[in-house]
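Enquirer:
2 protein chains.
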Amino acid sequence: MKDVAARAGVGLKTVSRVVNGEPGVTPDTERRVQEAIEFLGFRRNDSARVLRKGRTASVGLVLEDLADPFYGPLSRAVEEVARAHGALLINGSSAEDPDREQELALALCARRVDGLIVIPAGYDHRYLEPEIRAGVATVFVDRPAGRIDADTVLSDNFGGAREGVAHLIAHGHRRIGFVGDHPRIHTAVERLRGYRAALEDAGLDVDERWVALGSTSPDRVRSAVETMLDAPEPVTAVFAGNNRVTVTAVRVLAERDRRTALVGFDDIELADLLGITVIAQDSAALGRTAAERLFRRLDGVNEEPESVTLKTTLIPRGSGELPPAANI
Amino acid sequence: MKDVAARAGVGLKTVSRVVNGEPGVTPDTERRVQEAIEFLGFRRNDSARVLRKGRTASVGLVLEDLADPFYGPLSRAVEEVARAHGALLINGSSAEDPDREQELALALCARRVDGLIVIPAGYDHRYLEPEIRAGVATVFVDRPAGRIDADTVLSDNFGGAREGVAHLIAHGHRRIGFVGDHPRIHTAVERLRGYRAALEDAGLDVDERWVALGSTSPDRVRSAVETMLDAPEPVTAVFAGNNRVTVTAVRVLAERDRRTALVGFDDIELADLLGITVIAQDSAALGRTAAERLFRRLDGVNEEPESVTLKTTLIPRGSGELPPAANI
DNA sequence: TTGAAAGCGCTAACAT
DNA sequence: ATGTTAGCGCTTTCAA
């Protein structure tokens with residue numbers, strides 16, 4: 001910038017004005033400055049600008065895994081909102097590791113992102129308190145914040161699961177398996193709660209052998225489902241706790257002769273062709289809502305932290321409408 | 001940092017040393033500094049650090065759409081490599097718009113990212129020349145750079161498509177449709193080239209009514225496929241030019257009584273269950289390779305720009321092995 | 001081992 | 001309309 005000023009024979013501030021399109025420069029001077037910029041291939045160094053202005057026009061998003069089809073649309077939605085506000089988005093994947101989540105979130109804070117959207121991997125976010133106090137707007141998505149009070153955007157995991165399981169019950173099922181994510185994950189617990197509530201609503205008992213929480217790795221899900229199917233009194237329907245469970249469950253059920261009903265939480269591509277009934281959540285809406293809330297905060301709105309819950313949608317496609325198979 | 005120094009009763013530089021784990025500080029002093037840091041909730045401002053050091057420890061990734069399942073794993077792979085090098089990743093989606101690609105790439109350069117990975121939307125990347133000259137390492141992925149010489153990592157689009165079409169020919173097909181992306185997109189053109197080459201290898205002529213390039217929107221793909229199926233001499237097989245085309249093609253074909261063979265470029269989740277034969281490319285490997293190349297450059301390796309091509313894999317699952325249906 | 005001073009490139013505030 | 005000065009928070013250099 002100094003060089004540009006020298007070459008154009010003007011002061012530093014004049015160049016700054018031109019670069020930022022500020023008023024108070026004669027067209028002639030502006031032209032000279034533009035020429036110098038062109039000639040020197042100058043481009044403003046935003047690092048310096050940030051240092052001076054205190055705002056980075058960037059927001060951070062800490063999620064679990066960008067490669068998961070659930071998070072792609074979410075991230076993209078956040079990006080669109082950020083873009084509308086002239087901000088860039090820095091993503092990071094925690095890989096479901098609380099330490100890595102913290103490391104990432106703090107690294108983003110050290111970069112002085114203006115705001116932070118976090119899909120928690122951990123259960124204690126007090127480490128963010130100093131940052132929030134220092135002015136980093138923070139919104140939690142998909143899972144609630146741990147031990148601090150903050151804006152949160154969730155899906156109705158409880159209600160969605162309850163509706164899905166009720167749907168199976170309405171189609172005559174009495175022995176329904178639940179295969180879900182690890183119990184340390186909030187959504188898994190909520191969905192299990194919904195499962196239990198639906199059974200209870202119908203006056204049915206839960207046999208704990210029908211419930212399997214744990215890793216969503218194909219191996220674990222496969223063995224969980226197979227155990228339920230091979231029991232003396234096999235389940236006649238399975239409720240899959242998330243997209244990865246559904247994918248494996250569909251594979252396992254497809255191998256069997258006996259038709260077992262299935263409802264999965266989260267929609268999946270091609271689920272329509274496979275006739276998989278799902279409880280869909282709108283991950284893009286989750287991201288958009290969170291980002292809008294974040295920027296509202298950045299624009300100075302100062303309300304109490306608030307929790308928003310987005311509705312889920314039951315999409316019947318066949319697998320959830322199968323009647324119980326005559327067993328054994 | 002000033003405040004920390006004051007509170008600990010030491011010089012600014014000593015605090016800097018402690019924060020960065022540099023040697024030359026007595027344990028006692030270090031302890032006092034640490035206490036002050038703790039007390040004040042100090043965290044280093046990386047913006048200032050960046051300004052001074054000239055390196056941001058961040059890389060930019062400009063892709064088409066983070067919500068596309070093809071790019072999620074690619075982005076994640078880049079992130080992992082970046083993480084291993086202590087760098088953060090800033091993603092941006094160009095939405096297949098050349099202007100937006102440029103705007104994004106230049107915004108990232110203004111932030112002084114150390115390196116840039118670009119999945120081109122445009123065909124002229126000379127706008128990046130000053131940046132590259134100024135030291136921003138740049139690697140192009142998935143599609144080649146336009147009008148500049150730069151590192152590039154591609155999939156073998158030509159070879160993959162040729163293999164897929166040859167596979168259909170080997171199963172007896174003579175009238176094979178090609179539905180692909182817009183002809184301004186490099187991969188679409190390459191794959192079409194592969195299609196033509198396979199037909200030519202077999203001594204078959206191409207009827208241009210079997211070729212449909214254009215938008216990958218469901219509507220356009222649907223009508224393209226339906227036209228081919230409803231022609232007086234309908235195609236007996238369809239080669240789908242990418243994941244989105246495949247998804248719609250599968251839907252359209254599933255509505256028909258006559259079984260039409262299908263091979264798709266790109267693997268899709270649940271394609272195994274639907275028995276869809278595909279030419280799979282490894283999007284994570286694409287991202288990893290590009291990122292490794294980028295960091296090699298950042299580590300000072302100074303070779304000529306190089307183009308790497310990654311092999312694709314034919315995965316037979318049924319749809320590509322159907323014989324031609326007796327038509328009409 | 002420790003610290004003072006200079007400066008990275010920019011913008012805010014205040015001249016002129 | 002234009003320029004000058006100070007300073008954002010850190011690291012580098014060099015001296016103590």
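Chains A and B, in that order, are what the protein sequence lines are. Counting with full-length UniProt numbering, you get residues 1 to 328 for the letters of the first sequence. Counting with full-length UniProt numbering, you get residues 1 to 328 for the letters of the second sequence. For each residue, glycine too, the CB sits at the ideal point set by N, CA and C.
Could you check whether the Cβ of Ile328(B) sits closer than 9 Å to any Cβ belonging to chain A?
Expert: Bear in mind that a pLDDT of 42 at Ile328(B), under 50, signals an unreliable position, so the model cannot answer this.
Enquirer: Quick check on Val139(A): buried or exposed, where buried means 16 or more other Cβ atoms within 10 Å of its Cβ?
Expert: Label assigned to Val139(A): buried.
Enquirer: Apart from the five residues just before and just after residue 357(B), which ones in its own chain have a Cβ nearer than 6 Å to its Cβ?
Expert: Only positions 1 to 328 of chain B appear in this structure, which leaves residue 357(B) out of reach.
Enquirer: Which word fits Leu229(B), buried or exposed, when buried means at least 16 other C-beta atoms lie within 10 angstroms of its C-beta?
Expert: buried
Enquirer: Pick from Gln34(B), Pro23(B) and Gly72(B): whose alpha carbon is nearest that of Ala6(B)?
Expert: The shortest CA-to-CA distance from Ala6(B) to any of Gln34(B), Pro23(B) and Gly72(B) is the one to Gln34(B).
Enquirer: Output yes if chain B places a C-beta closer than 9 Å to the C-beta of Thr56(A); else output no.
Expert: yes
Enquirer: By alpha-carbon positions, which one of Pro183(B), Gly135(B), Ala224(B) and Pro232(B) ends up nearest to Leu297(B)?
Expert: The sequence shown places Arg at residue 297(B), not Leu. Taking only the C-alpha atoms, the option nearest Arg297(B) is Gly135(B).
Enquirer: Tell me which residue opens and which closes the alpha helix (DSSP H) that Ser217(A) is part of.
Expert: Looking at the DSSP string, Ser217(A) is not in any alpha helix (DSSP H), and its letter there is neither H nor E.
Enquirer: Taking the beta strand (DSSP E) that Asn91(B) falls in, what are its first and last residues?
Expert: Here the beta strand (DSSP E) through Asn91(B) covers Leu88 to Ser93.
Enquirer: Any idea if Val165(B) is buried or exposed, counting beta-carbon neighbours within 10 angstroms, 16 or more meaning buried?
Expert: In this structure Val165(B) is buried. Its beta-carbon is surrounded by 16 or more other beta-carbon atoms within 10 angstroms.
Enquirer: Does Leu286(B) come out as helix, strand or coil in the three-state DSSP assignment?
Expert: Helix at Leu286(B).
Enquirer: Select from Arg209(B), Val113(B) and Gly21(B) the residue whose C-alpha is nearest the C-alpha of Val62(B).
Expert: Val113(B)
Enquirer: Quick check on the DSSP output: the beta strand (DSSP E) that includes Asp201(B) runs from which residue to which?
Expert: Counting along the chain, Asp201(B) sits inside no beta strand (DSSP E); it lies in the alpha helix (DSSP H) bounded by residues His186 to Asp201.
Enquirer: In the DSSP assignment, find the unbroken beta strand (DSSP E) run with Val118(A) in it and report its ends.
Expert: For Val118(A), the enclosing beta strand (DSSP E) covers residues Gly115 to Val118.
Enquirer: Mind listing the chain A neighbours of Asn20(B)? Cutoff is C-beta to C-beta under 8 Å, in chain order.
Expert: None at all; the shortest Cβ gap to chain A is about 12 Å.
Enquirer: Could you please give the first and the last residue of the uninterrupted beta strand (DSSP E) stretch that includes Ser16(B)?
Expert: That residue, Ser16(B), is in no beta strand (DSSP E); its alpha helix (DSSP H) goes Leu12 to Val19.
Enquirer: Whose C-beta lies closer than 6 Å to the C-beta of Val50(A) among residues of the same chain, with five residues either side of it excluded?
Expert: Thr56
Enquirer: Terminal residues of the continuous beta strand (DSSP E) containing Thr309(B)?
Expert: Ser307 to Leu310
Enquirer: Pull the bridge partners of Leu314(B) from the DSSP assignment, please.
Expert: Ile279(B)
Enquirer: Would you call Glu233(A) buried or exposed, if buried means 16 or more other Cβ atoms sit within 10 Å of its Cβ?
Expert: exposed
Enquirer: Would you say Pro69(A) lies against chain B (beta-carbon separation less than 9 Å)?
Expert: yes
Enquirer: Which one of Lys53(B), Thr14(B), Leu274(B) and Ser283(B) has the shortest CA to CA distance from Arg317(B)?
Expert: Leu274(B)
Enquirer: At the level of alpha carbons, what is the spacing between Val15(B) and Val4(B)?
Expert: 7 Å
Enquirer: Give the residues of chain A in contact with Glu79(B), contact being defined as C-beta atoms less than 8 Å apart.
Expert: Leu66, Asn91, Gly92 and Ser93
Enquirer: In the structure shown, what three-state DSSP assignment does Gly172(B) receive?
Expert: coil
Enquirer: Taking Thr29(B) as part of the alpha helix (DSSP H), name the residues at either end of that continuous run.
Expert: Pro27 to Leu40
Enquirer: So the candidates are Val19(A), Thr216(A), Glu292(A) and Ile148(A); which of them puts its Cα closest to the Cα of Phe178(A)?
Expert: Thr216(A)
Enquirer: Just checking: is the beta-carbon of Asn302(B) within a distance shorter than 9 Å of some beta-carbon in chain A?
Expert: Asn302(B) does not count as touching chain A.
Enquirer: Note the first and the last residue of the continuous alpha helix (DSSP H) segment covering Leu273(B).
Expert: Ala271 to Leu274
Enquirer: Spell out whether any CB of chain A is found under 9 Å from the CB atom of Asp46(B).
Expert: yes
Enquirer: I think Gly277(B) touches Gly320(B), with their Cβ atoms under 8 Å apart; what is that distance to the nearest whole Å?
Expert: The question names Gly, yet the displayed sequence has Thr at residue 277(B). Confirmed, Cβ separation roughly 3 Å.
Enquirer: Flag Ser319(A) as yes if its beta-carbon sits less than 9 Å from any beta-carbon of chain B, otherwise no.
Expert: no
Enquirer: When you compare the CB positions of Ala95(A) and His125(A), do they come within less than 9 Å of one another, or not?
Expert: no
Enquirer: Along the beta strand (DSSP E) that carries Thr248(B), what are the first and last residues, could you check?
Expert: Where Thr248(B) is concerned, there is no enclosing beta strand (DSSP E), although the alpha helix (DSSP H) it sits in stretches over Asn243 to Ala254.
Enquirer: On the DSSP bridge assignment, give the partners of Asp151(A) in chain order.
Expert: Per DSSP, the beta bridge partners of Asp151(A) are Val139(A).
Enquirer: What is the rounded straight-line gap between the Cα of Arg111(A) and the Cα of Gly41(B)?
Expert: Inter-residue distance for Arg111(A) and Gly41(B) is about 16 Å (C-alpha atoms, whole angstroms).
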